[in-house]
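J.:
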Amino acid sequence: MGNTVAQRARRAGPGRDGPGRISGAPLTTTQETEHLHDRPDWTCRVCGAPWPCSTARATLMHEYRAFPSLLRIYLSAQMYEALDDLTIEGKAPPMNLYERFLSWVQTHPPSP
Ligand SMILES: [Zn+2]
436 MGNTVAQRAR RAGPGRDGPG RISGAPLTTT QETEHLHDRP DWTCRVCGAP WPCSTARATL
496 MHEYRAFPSL LRIYLSAQMY EALDDLTIEG KAPPMNLYER FLSWVQTHPP SP
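Note that this note's numbering numbers the sequence shown so that position 78 is 513, with each residue one more than the last.
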């Protein structure tokens, strides 16, 4: 027969996923991997977790590392925005908004 393993491997080798699969949808940049909230649901638009998700928290902690009090002010504002959005249809306000938005913020006391 002469059908060696090498010949078979060559025949089934790379090339099956070659040209022809280009769909014109380029891979997105970092814009869409930012863990931002999606209104009015206030879920993360990347991972779908209630915002701020763990990634968003880590990012915020990093961005505001020198200004934890500003982070609290920012998140307080976000929390009230979320409260507005989440109760706009007469729904009961979520009980855990404070936990979700503010309780995890570590406010380091300023160094003397
Ligand atoms: Zn996320």
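For each residue, glycine too, the CB sits at the ideal point set by N, CA and C. None of the values given here were measured: they were computed from a predicted structure.
Are the Cβ atoms of A527 and W477 separated by less than 9 Å?
T.: Pairing A527 with W477 gives a Cβ-Cβ distance that is not under 9 Å.
J.: Specify which residues have a beta carbon nearer than 6 Å to any heavy atom of ligand 1, listing them in chain order.
T.: H470, C479, V481, C482, A484, C488, T490 and A491
J.: Tell me, to the nearest whole angstrom, how far the beta carbon of C479 is from that of H472; I am working on the premise that it is less than 8 Å.
T.: 6 Å
J.: Between R474, F536 and T490, which lies nearest to L506 when the distance is taken from Cα to Cα?
T.: F536
J.: Near Q513, which residues of its chain fall below 7 Å by C-beta distance, leaving aside the five closest residues on each side in sequence?
T.: F536
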